[in-house]
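Single-structure report; data block below.
Number of protein chains: 2
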Amino acid sequence: MKNYTGQDSLSKTLEALNSKNIKRVFYVACGGSSALTYSSKYIIDRDSKTLSAEVYNSNEFIYRNPKLLDEDSLVIAISHLGNTPETTAAAEFAQRKGATVVSFTYESESPLAKASHYRIDYQYGPQVNPADSRNVLIIQLTLGLLKIKEDDHGKYDALVSSLPELDDTVKKAMETYRDKSIKFANKYKDENMIYTMASGSNYGVAYTFAICILMEAQWINSHAIHAGEFFHGPFEIVDKNTPFVLLLGLDETRFMEERALKFLNKYGEKLYILDAKDFDLSKVDESIHGEITSVIQLYVLRSLSREFAEVRNHPLETRRYMHKVEY
Amino acid sequence: MKNYTGQDSLSKTLEALNSKNIKRVFYVACGGSSALTYSSKYIIDRDSKTLSAEVYNSNEFIYRNPKLLDEDSLVIAISHLGNTPETTAAAEFAQRKGATVVSFTYESESPLAKASHYRIDYQYGPQVNPADSRNVLIIQLTLGLLKIKEDDHGKYDALVSSLPELDDTVKKAMETYRDKSIKFANKYKDENMIYTMASGSNYGVAYTFAICILMEAQWINSHAIHAGEFFHGPFEIVDKNTPFVLLLGLDETRFMEERALKFLNKYGEKLYILDAKDFDLSKVDESIHGEITSVIQLYVLRSLSREFAEVRNHPLETRRYMHKVEY
Chain X
239 MKNYTGQDSL SKTLEALNSK NIKRVFYVAC GGSSALTYSS KYIIDRDSKT LSAEVYNSNE
299 FIYRNPKLLD EDSLVIAISH LGNTPETTAA AEFAQRKGAT VVSFTYESES PLAKASHYRI
359 DYQYGPQVNP ADSRNVLIIQ LTLGLLKIKE DDHGKYDALV SSLPELDDTV KKAMETYRDK
419 SIKFANKYKD ENMIYTMASG SNYGVAYTFA ICILMEAQWI NSHAIHAGEF FHGPFEIVDK
479 NTPFVLLLGL DETRFMEERA LKFLNKYGEK LYILDAKDFD LSKVDESIHG EITSVIQLYV
539 LRSLSREFAE VRNHPLETRR YMHKVEY
Chain D
239 MKNYTGQDSL SKTLEALNSK NIKRVFYVAC GGSSALTYSS KYIIDRDSKT LSAEVYNSNE
299 FIYRNPKLLD EDSLVIAISH LGNTPETTAA AEFAQRKGAT VVSFTYESES PLAKASHYRI
359 DYQYGPQVNP ADSRNVLIIQ LTLGLLKIKE DDHGKYDALV SSLPELDDTV KKAMETYRDK
419 SIKFANKYKD ENMIYTMASG SNYGVAYTFA ICILMEAQWI NSHAIHAGEF FHGPFEIVDK
479 NTPFVLLLGL DETRFMEERA LKFLNKYGEK LYILDAKDFD LSKVDESIHG EITSVIQLYV
539 LRSLSREFAE VRNHPLETRR YMHKVEY
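So the protein lines, in turn, are chains X and D.
Note that the numbering used here has the first sequence beginning at 239, numbered continuously upward.
Note that the numbering used here has the second sequence beginning at 239, numbered continuously upward.
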């Protein structure tokens with residue numbers, strides 16, 4: 239088996255965590271990095287009898303100053319370049335409280351790396367094998383934590399044994415959705431507002447597509463609606479002219495997404511339905527289909543975002559404020 | 239002192255909870271009812287060394303099925319009429335897990351009331367004294383829980399002693415913002431999208447204004463942005479044509495809202511800035527200014543919503559789907 243990037247640092251980190259008393263896990267990051275951790279909180283909430291999990295924006299974490307943050311806490315801090323000031327500050331803040339800090343940052347000498355006890359190595363970029371990406375490694379760390387501290391129901395090993403086929407699985411899913419993505423982007427390139435929606439472990443994908451792709455990279459208004467909240471306010475906005483990107487996953491909350499789908503099929507029209515049941519997951523251990531769905535959905539939506547960028551002649555990298563003005 | 243509705247049921251509930259072992263609090267509700275609990279989670283996160291707190295949409299709670307939900311859990315379930323099916327189901331689900339269920343429902347014979355161990359009484363409607371509303375009573379229950387289980391730093395009694403002046407305080411705040419609300423609603427009545435933004439204990443207010451007022455009651459697109467997340471994606475959407483309702487509170491996270499304000503003042507133009515520093519809080523105990531802000535802000539935004547409804551000739555009660563079609 240190929241030696242995937244990150245596996246060594248992840249194993250060593252888990253080994254170190256094994257001897258520590260951990261009662262609480264705080265996932266601390268901003269924007270798209272934070273969105274990658276929603277599925278991990280889902281796993282801990284659902285499966286752990288000893289750990290609690292929180293997802294905090296880095297500055298919210300610092301200013302809220304959770305009283306339960308202490309030497310029995312594990313803080314998982316994420317910033318790709320490791321130079322997001324508030325995430326580095328959050329890691330330093332956590333260290334002062336006695337917490338153990340593990341970071342996902344690409345740069346081994348970055349401020350965040352220096353503010354962490356352990357750093358997980360990973361690869362980055364459109365051509366990278368998903369097995370080498372932080373997207374998968376964050377989930378793997380979470381399952382590993384359950385394995386060493388409690389009971390992961392064999393899911394950690396199931397994920398590791400599925401890594402060799404993950405790249406092909408993701409590519410197939412992207413191919414399956416290729417035509418649909420091209421069609422949707424072409425048809426709705428001039429829309430002013432596109433909603434996204436999901437529940438459970440996929441909600442982070444809906445969130446990141448809304449804020450990092452539509453709003454940040456395409457300047458299209460958006461809002462990630464929770465599928466369970468949809469029927470308690472948001473659904474009144476629906477009509478045949480309101481575009482929706484709806485994710486259907488394979489976790490225990492799928493019912494909520496299906497209920498939203500039924501409604502959107504009846505009262506909406508401009509729909510991009512991304513259903514994990516369309517994916518060929520035959521090479522992924524069945525026990526982790528729910529866990530891996532968010533990763534695959536994110537890759538499919540990145541293809542969709544490239545189609546939007548092309549047809550709208552608005553490159554994904556175009557910014558008007560970020561790193562250009564003071565804020 | 240006037241005998242406020244709800245105080246008796248609240249005192250009796252706290253007395254009953256006193257003898258129970260509580261390690262976790264789950265706030266379980268949908269939409270606007272759920273939004274009322276964000277400030278309570280904030281209080282527990284910040285102040286409690288023994289309790290953890292979660293806010294879940296009712297169906298997400300059931301399907302996620304948190305493993306930590308057990309006989310040491312307190313579930314606070316909220317549904318005004320007490321007939322939201324998923325919230326009643328969540329209360330029943332929690333009871334089966336051995337948890338203690340306290341509900342906020344107006345109807346003493348409602349399905350939710352019947353599925354709860356304890357029910358907090360309250361008043362409802364535009365003319366009601368805020369001291370009698372669930373908005374305040376939810377926060378009071380949370381502070382009471384800290385008082386009996388740990389240490390509320392005197393905040394429970396500070397809130398109770400501030401109740402007699404709360405109505406005047408709220409009315410003054412609404413009066414202070416009256417002209418601004420009329421002006422904003424008139425000027426931006428034809429907008430297609432209005433963002434809201436806040437952080438910390440006020441975020442729930444931004445959320446409920448986005449989903450229950452703008453989207454549900456006015457059919458205007460919206461999205462409640464977290465002020466700390468703003469600079470990690472969402473802010474790229476800002477220009478002189480993008481309306482924002484920004485809340486500034488008095489809790490520890492105010493810095494994030496001030497940072498967002500600075501940016502919006504520079505690059506935005508259609509702004510409704512709701513700053514709690516404009517409120518006359520001289521009759522409210524200083525120790526709970528941060529805790530009470532979200533309540534007052536919600537009343538001010540309800541005035542704003544009435545201005546929108548009038549000038550847009552779109553009554554707040556108009557629905558196209560809710561209770562009209564199957565979903």
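All C-beta atoms, glycine included, are put in the ideal place defined by N, C-alpha and C.
Quick one: using the 10 Å Cβ neighbour count with 16 as the cut-off for buried, is residue i buried or exposed?
| i | result |
| --- | --- |
| T414 (chain X) | exposed |
| M239 (chain D) | Any reading at M239 (chain D) needs caution, since the residue's pLDDT is 46, under 50, leaving its predicted position unreliable; the model's value is listed next. By the 10 Å Cβ count, M239 (chain D) comes out exposed. |
| D518 (chain D) | exposed |
| Y362 (chain X) | exposed |
| H391 (chain X) | exposed |
| R558 (chain X) | exposed |
| H561 (chain D) | exposed |
| G336 (chain D) | exposed |
Quick one: residues in its chain with C-beta nearer than 8 Å to the C-beta of residue i, no 5 flanking neighbours on either side, listed in chain order?
| i | result |
| --- | --- |
| D405 (chain D) | N367, P368 and A369 |
| E490 (chain D) | R284, G438 and G528 |
| R204 (chain D) | Nothing can be reported for residue 204 (chain D): it is not among the residues displayed for chain D, which extend from 239 to 565. |
| E507 (chain X) | K478 and N479 |
Could you tell me whether any Cβ in chain X is nearer than 7 Å to the Cβ of residue i?
| i | result |
| --- | --- |
| T491 (chain D) | yes |
| M435 (chain D) | no |
| M239 (chain D) | In this prediction, M239 (chain D) has a pLDDT of 46, which is less than 50 and means its spatial position is unreliable; nothing more can be read from the coordinates. |
| G487 (chain D) | no |
| N459 (chain D) | yes |
| N373 (chain D) | no |
| R334 (chain D) | no |
| P472 (chain D) | yes |
| K515 (chain D) | no |
| G392 (chain D) | no |
| F342 (chain D) | no |
| H527 (chain D) | no |
| Y565 (chain D) | yes |
Out of the options, state which residue places its alpha-carbon closest to the alpha-carbon of residue i.
| i | options | result |
| --- | --- | --- |
| A291 (chain D) | D:S277, D:I475 and D:R302 | D:S277 |
| V563 (chain D) | X:F473, X:F447, X:K258 and X:K279 | X:F473 |
| T446 (chain D) | X:I458, X:E467, X:S341 and X:P402 | X:E467 |
| L536 (chain D) | D:E524, D:D513 and D:Y294 | D:D513 |
| Y540 (chain D) | D:P323, D:A448, D:D518 and D:N459 | Inspection of the sequence shows that residue 540 (chain D) is occupied by Arg rather than by Tyr. Ranking the options by Cα distance to R540 (chain D), first place goes to D:A448. |
| K421 (chain D) | D:D246, D:E545 and D:I526 | D:E545 |
| K181 (chain X) | X:K425, X:K478 and X:S460 | Residue coverage of chain X in this structure runs from 239 to 565, which leaves residue 181 (chain X) outside it and unanswerable. |
| I463 (chain X) | X:T434, X:L486, X:L485 and X:N440 | X:T434 |
| Q456 (chain D) | D:V263, D:I530, D:K418 and D:D428 | D:D428 |
| A353 (chain D) | D:I281, D:S311, D:V340 and D:Y394 | D:V340 |
| K500 (chain X) | X:K521, X:P304, X:A465 and X:L248 | X:A465 |
| A547 (chain D) | D:D417, D:N424, D:D523 and D:H470 | D:N424 |
| I260 (chain D) | D:S311, D:H552, D:H470 and D:E495 | D:S311 |
| K279 (chain D) | D:S520, D:E454, D:I376 and D:R550 | D:I376 |
| L248 (chain D) | D:D359, D:M560 and D:Y426 | D:D359 |
With a threshold of 7 Å on Cβ separation, who are the neighbours of residue i within its own chain once the five nearest residues in sequence on each side are excluded?
| i | result |
| --- | --- |
| A267 (chain D) | T275, S296, A315, I316, S317 and T325 |
| G619 (chain D) | As shown, chain D starts at 239 and ends at 565. That puts residue 619 (chain D) outside it, with no answer to give. |
| K393 (chain D) | L381, S525, I526 and E529 |
| S543 (chain X) | I451, A455 and L554 |
Is residue i close to chain D? Criterion is C-beta to C-beta, closer than 7 Å.
| i | result |
| --- | --- |
| S311 (chain X) | no |
| R357 (chain X) | no |
| K562 (chain X) | no |
| K305 (chain X) | yes |
| N295 (chain X) | yes |
| F422 (chain X) | no |
| R544 (chain X) | no |
| R568 (chain X) | Residue 568 (chain X) lies beyond the range of chain X shown here (239 to 565); nothing can be said about it. |
| E454 (chain X) | yes |
| Y415 (chain X) | no |
| H464 (chain X) | yes |
Cutting at 6 Å between CB atoms, please list the residues of its own chain near residue i, excluding the five before and the five after it.
| i | result |
| --- | --- |
| F299 (chain D) | V266 and A328 |
| F331 (chain X) | I300 |
| N256 (chain X) | I386 |
| L452 (chain D) | I432, I458 and S460 |
| I511 (chain X) | L484 |
At what residue ranges does the segment 446 to 493 of chain X contain a whole run of the beta strand (DSSP E), taking only runs of 3 or more? Complete beta strand (DSSP E) runs here, min 3: 459 to 464 and 482 to 486.
Tell me the start and end of each unbroken beta strand (DSSP E) in the segment 288 to 363 of chain X that is at least 3 residues and wholly inside, in chain order. List check, beta strand (DSSP E) in window: 290 to 295, 311 to 316, 338 to 342 and 356 to 358.
Within the segment 388 to 442 of chain X, ranges of the alpha helix (DSSP H) (whole runs, at least 4 residues): Within the segment 388 to 442 of chain X, the complete alpha helix (DSSP H) runs of at least 4 residues are 393 to 414 and 416 to 425.
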